Amino acid sequence: MAELTYKALVRRTEAKERALARTAESVKRAADDITELADDTASDADALAAKSVDPDSRAECQELAKIIRGVSDGAIDYAARTDDTAKAAQAAGDQARTTHGEFQEQFERSNVTDLEKVSRDWFEQE
Numbered sequence: 176m177a178e179l180t181y182k183a184l185v186r187r188t189e190a191k192e193r194a195l196a197r198t199a200e201s202v203k204r205a206a207d208d209i210t211e212l213a214d215d216t217a218s219d220a221d222a223l224a225a226k227s228v229d230p231d232s233r234a235e236c237q238e239l240a241k242i243i244r245g246v247s248d249g250a251i252d253y254a255a256r257t258d259d260t261a262k263a264a265q266a267a268g269d270q271a272r273t274t275h276g277e278f279q280e281q282f283e284r285s286n287v288t289d290l291e292k293v294s295r296d297w298f299e300q301e
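Here is the structure:
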């Protein structure tokens, strides 16, 4: 397995931050679309009732609206959770940058050659 460097850690966490943010936004849009479909179906059920369509057809349309509303509620909950996950990924990225950024900055400013070949155990010595 390749050794994880600060730069690789930052790249990976930033990639996950972006991917999760995009996913959260996509799920939110899908939830909004499903909510709109539920509203439209409920309106259709009301329109059927206004036109004196048979009770069974109205009931089926109303039941469909309830089912879509349930899916909508689940999608909204899922969207909120994906947003929470995206925020957690951002916090992990911020923590990686905060915790390791100064060390990387010092490493890059150092005029010592082959510093990347030094054992990590040496850096941990008191």
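In our numbering, the protein residues as written are 176 to 301.
Ideal placement from N, C-alpha and C gives every residue a C-beta, glycine not left out.
Fair warning: this is a prediction, and the values are worked out from it, not measured in the lab.
Each of 195, 241, 187 and 197 was checked against the Cα of residue 209, and the nearest Cα belongs to 241.
Here residue 215 carries a helix assignment [DSSP, helix/strand/coil]. In terms of Cβ geometry, residue 271 and residue 188 form a close pair [threshold 9 Å]. Remark: C-beta atoms of residue 260 and residue 236 do not approach each other more closely than 9 Å. Listed in chain order, the non-local C-beta contacts of residue 213 below 7 Å within the same chain comprise 240, 243, 244 and 247, local neighbours out to five positions each way being set aside. For residue 202, the closest C-alpha among the options 267, 286 and 254 is that of 254.
Annotation for residue 247: the continuous alpha helix (DSSP H) segment containing it runs 230-284. It is roughly 14 Å from the alpha-carbon of residue 257 to the alpha-carbon of residue 207. Assignment of residue 287 by DSSP, reduced to helix, strand and coil, places it in the coil class. Counting of Cβ neighbours within 10 angstroms places residue 276 among the exposed residues, the total staying below 16.
Take residue 278, set aside five residues on each side of it, and the residues of its chain with a beta-carbon closer than 8 Å to its own are 181, in chain order.
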